[in-house]
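Below is one structure, written out as structure tokens, with a few remarks after it.
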Amino acid sequence: MSQRPVVREPKKIMVRSANWVGDAVMSIPALEALRKRFPEAEIVMVVKPWVSELYWYHPAINRQIVYDADGKHRGRHGFRELLKNLRGERFDMAILFQNAFHAAWMAWRAEIPRRIGFARGGRSGLLTDAVLPPPRAAYRHQAYDYIQLLFRAGLIAASDPVSSWEEPMLKLTDAERTWAERQLKALGLGGRRYLIGIHPGASFGPAKRWLPERFAALADRLVGALGADVLIFGSADEKPLAEQIAEAMRHSPLVVAGQTSLRQMMALFGQCCLAITNDSGPMHVAAGLGLPLVAIFGSTDERSTGPLSPRARVVKARVECSPCGLRVCPVDFRCMRGVTAEDAHRVALELLREAHVTP
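In the working numbering, the protein residues as written are 178 to 536.
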């Protein structure tokens, strides 16, 4: 396959986004470092549809190409159409934040002359820069994985600061804030000082989900302590879980699960004084918005995938089998059962005091 010459100072860069919302948020510091390194380059994200909205309005990218493998890019014909589009873009460089073989195959078939990604999944032969992943002993947070890809490929200096999590990584527009304010007003919640957002889901599996009755007990405690109102978020598939929590509460929350897009969830989150989640994509979104955040962890490792924000706190029971990384607990769910509503309530009030939003 013919390839154009490698360009040392690229004018046009394709970035293959991570496929999941949480991973995409964790890649933003690297994306911002890439923009800092190539301020004049056109940076184009290739993203899956459910991640696309996350990058709207982000100053590090110029535009997106949505890769819809279940829609217009479905099957061989659809993929060929995508490749035709990518070839027509005449990218100088591809950076693969997504680690699958298919991401490297796409960049190779698109005839992009420089293709940078980690040497994983048997794809090294498709990359011009097959970067060895950092050794396990050197791993810190997953966000550093993306930073290390750029550093080990020689694109950024070792001293480049990774400071994005000191300030909110995700921004809302004035129009989105206005929309959220109007929505809350229509629901009878306009102007409330203590609005708490709960997202009780986690797509990886039940081992990452705190008990519904604990979410309900925590929400009731916060309503009692603050006179707060509660929004319960979630996908359409998570609506039964949200309703289960609502039914278990003594007070009446507002269930918006299944009723918002990603950006609408972000806008409503932005009106909250506190977010409460499991280890999930919405956890990373709340952290990226800079919200005071209580993150409940069980089977996963907060050192690797914890929220990137100084305004977030992880609540976790220290048990010998955690982190196991399993989707389903094979024993007694002790990691999540060990986190009480009292534990999370105490941390929530501490966060609110630090944010100067308590009575």
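Backbone N, C-alpha and C fix where the C-beta goes; we use that ideal spot for every residue, glycine too.
If you're wondering where the values come from, they're calculated on a predicted model, not measured in any experiment.
query                                                                                                                                                                                : result
Taking the beta carbon of Asp-414 as the centre, do at least 16 other beta carbons fall within 10 Å, making it buried, or is it exposed?                                             : exposed
Kindly list the residues whose CB is nearer than 6 Å to the CB of Leu-304, restricted to its own chain and excluding five residues on each side of it in sequence; keep chain order. : Ala-281, Arg-292 and Gly-294
Opposite Met-426 in the DSSP bridges: which residues?                                                                                                                                : DSSP lists no partner for Met-426.
So what does DSSP say about Ala-525, is it helix, strand or coil?                                                                                                                    : helix
Opposite Asn-455 in the DSSP bridges: which residues?                                                                                                                                : Ile-473
What would DSSP say about Gly-374, mapped onto helix, strand or coil?                                                                                                                : strand
Is Arg-251 buried or exposed, if buried means 16 or more other CB atoms sit within 10 Å of its CB?                                                                                   : exposed
Rounded to a whole number of angstroms, what is the C-alpha to C-alpha distance between Cys-501 and Phe-474?                                                                         : 12 Å
Please classify Ser-336: does DSSP put it in a helix, a strand, or coil?                                                                                                             : Its pLDDT being 46, under 50, Ser-336 is placed unreliably in this model, and the coordinates cannot settle the point.
Can you tell me where the beta strand (DSSP E) with Val-308 in it begins and where it stops?                                                                                         : 306-308
Could you check which residue in Val-433, Ser-457 and Arg-354 has the C-alpha nearest to that of Arg-386?                                                                            : Ser-457
Is His-254 buried or exposed, if buried means 16 or more other CB atoms sit within 10 Å of its CB?                                                                                   : exposed
Smallest Cα separation from Pro-412: which of Glu-420, Gly-447 and Ala-434?                                                                                                          : Before going further, note that residue 412 is Ser rather than Pro in the sequence given. Checked all of Glu-420, Gly-447 and Ala-434; the closest Cα to Ser-412 is Ala-434.
How many Å lie between Val-183 and Phe-381 at the Cα?                                                                                                                                : With a pLDDT of 46 at Val-183, under the threshold of 50, the predicted position of this residue should be treated as unreliable, though the coordinate-derived value follows. Approximately 39 Å between the Cα atoms of the pair.
For Glu-186, count neighbouring C-beta atoms within 10 Å of its own C-beta (all shown protein chains included) and say buried if the count is 16 or more, exposed if not.            : exposed
According to DSSP, simplified to helix, strand and coil, what is Phe-381?                                                                                                            : coil
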